[in-house]
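Read in my numbering, the sequence shown has 1481 at position 236, and its numbers run on one by one without any break.
The beta carbon of each residue, even a glycine, is placed where N, CA and C say it ideally should be.
None of these values were measured; they are calculated from a predicted model.
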Amino acid sequence: MTKRILVLGATSEIAEETARLYAAEGARFVLAGRDPVRLADIAADLRVRGASLAEVDAVDLAAADVETCTQRWIGILGGLDLVLLAYGVLGDQRTDEADLSAAAAMIDTNFRSASLWCLATARHLEAAGSGTLAVIGSVAGDRGRQSNYLYGATKAGLAALVEGIAHRLAPTGARAVLIKPGFVDTAMTAHIQPKGALWSSPAKIAARIRKAVEGKGTVVYAPGYWRLIMTIVRSVPTPIFHRTKL
1246 MTKRILVLGA TSEIAEETAR LYAAEGARFV LAGRDPVRLA DIAADLRVRG
1296 ASLAEVDAVD LAAADVETCT QRWIGILGGL DLVLLAYGVL GDQRTDEADL
1346 SAAAAMIDTN FRSASLWCLA TARHLEAAGS GTLAVIGSVA GDRGRQSNYL
1396 YGATKAGLAA LVEGIAHRLA PTGARAVLIK PGFVDTAMTA HIQPKGALWS
1446 SPAKIAARIR KAVEGKGTVV YAPGYWRLIM TIVRSVPTPI FHRTKL
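Below is the structure:
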């Protein structure tokens, strides 16, 4: 069966690499994001790779009318088999903690708007009794750290929401899965230097997402070794943790 895929934040490198995996199987796509030129390029690439449909919608996902857009996109695709939510902003911890308007913008993008898209698409998947909501979160949400606790807080909140949706969908035949990447070499992290052994490529994360979508779990670390790393980070006693500069 041809997969009908909605990509929210389609200009993300991880989302693009994931879409390429499905394009080779003739999938149908609606690609949503803010940059119309970049979206058009990605759509053209997916068609060349085998996508049977690649429609684009240039929209600010943090400000769009969720109900209207969701219904329009489902109409274009004829249903939903996979929703991939891949957008978010990293922000700057020092700026955001000092500037409440900047903090509000991050929270609005990473948590409020993302939560609404999850709820809207999950409702359709639940009614259909099939399909998967795949949400890209972050290991940053596993423990608050002075270096990125605002970003981490938005991802922690989103994680709780997606896990709750997964619980809600469990009896229906539909699924929700949260993917937690660690360090990924993308445009969003280009300013972080040097890159080390723990960094992954978007293509490697995409392969992990594809496996998670086809699997049965509800929380998947990408790569898998981040589960162990974050278990260790969470287990450090608070008095010792507070002496670190993580």
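Excluding the five sequence neighbours on either side, which residues of its own chain have a C-beta within less than 7 angstroms of the C-beta of residue i, listed in chain order?
i       : result
Val1311 : Leu1361, Trp1362 and Ala1365
Leu1266 : Ala1451 and Arg1455
Leu1298 : Arg1273 and Phe1274
Thr1247 : Gly1271, Ala1272, Arg1273 and Ser1297
Give the straight-line distance between the Cα atoms of residue i and residue j, rounded to the nearest whole angstrom.
i       : j       : result
Ile1474 : Val1429 : 15 angstroms
Val1478 : Ala1467 : 16 angstroms
Leu1370 : Ala1415 : 11 angstroms
Tyr1396 : Val1282 : 28 angstroms
Thr1315 : Glu1342 : 33 angstroms
Ala1405 : Asp1305 : 24 angstroms
Leu1423 : Ala1309 : 23 angstroms
Ala1461 : Ala1349 : Inspection of the sequence shows that residue 1461 is occupied by Lys rather than by Ala. Taking the straight line from one Cα to the other gives about 35 angstroms.
Tyr1332 : Thr1263 : 13 angstroms
Ala1457 : Ser1346 : 36 angstroms
Glu1261 : His1436 : 21 angstroms
Span of the beta strand (DSSP E) holding residue i?
i       : result
Ala1303 : Leu1298 to Ala1303
Val1334 : It is not in any beta strand (DSSP E) - Val1334 carries neither H nor E in the DSSP assignment.
Val1422 : Arg1420 to Pro1426
Phe1274 : Arg1273 to Gly1278
Ile1250 : Arg1249 to Leu1253
Leu1378 : Thr1377 to Ile1381
Does the separation of the CB atoms of residue i and residue j fall below 9 angstroms?
i       : j       : result
Leu1325 : Val1301 : no
Ala1398 : Gly1389 : yes
Trp1318 : Ala1289 : no
Ala1401 : Ala1367 : no
Ala1307 : Arg1357 : yes
Ile1250 : Leu1327 : yes
Lys1425 : Gly1376 : no
Ala1303 : Asp1280 : yes
Leu1253 : Leu1329 : yes
Glu1408 : Thr1463 : yes
How far does the alpha helix (DSSP H) with residue i in it extend, from its first residue to its last?
i       : result
Arg1283 : Pro1281 to Val1293
Thr1263 : Glu1258 to Ala1268
Leu1395 : Tyr1394 to Leu1414
Thr1483 : Thr1483 to Phe1486
Ala1350 : Leu1345 to Ile1352
Ile1319 : Val1311 to Leu1322
Val1478 : Tyr1470 to Ser1480
Excluding the 5 residues flanking residue i on each side, which residues of the same chain have their C-beta closer than 8 angstroms to its C-beta?
i       : result
Thr1431 : Ser1257, Glu1258, Ile1259 and Pro1447
Arg1294 : Arg1265, Ala1268 and Ala1269
Could one say the Cβ of residue i lies closer than 9 angstroms to chain C's Cβ atoms, at least one of them?
i       : result
Thr1366 : No chain C appears in this structure, which consists of one protein chain only.
So, for residue i: in the same chain, excluding its five sequence neighbours on each side, which residues have a beta-carbon less than 6 angstroms away from its beta-carbon?
i       : result
Arg1472 : Tyr1466
Asn1355 : Gly1333 and Thr1399
Task: Inter-stretch contact at 8 angstroms, needing at least 3 Cβ pairs: the stretch 1270 to 1282 / the stretch 1334 to 1343 - done: The answer is no - the stretch 1334 to 1343 does not touch the stretch 1270 to 1282, with fewer than three Cβ pairs under 8 angstroms.
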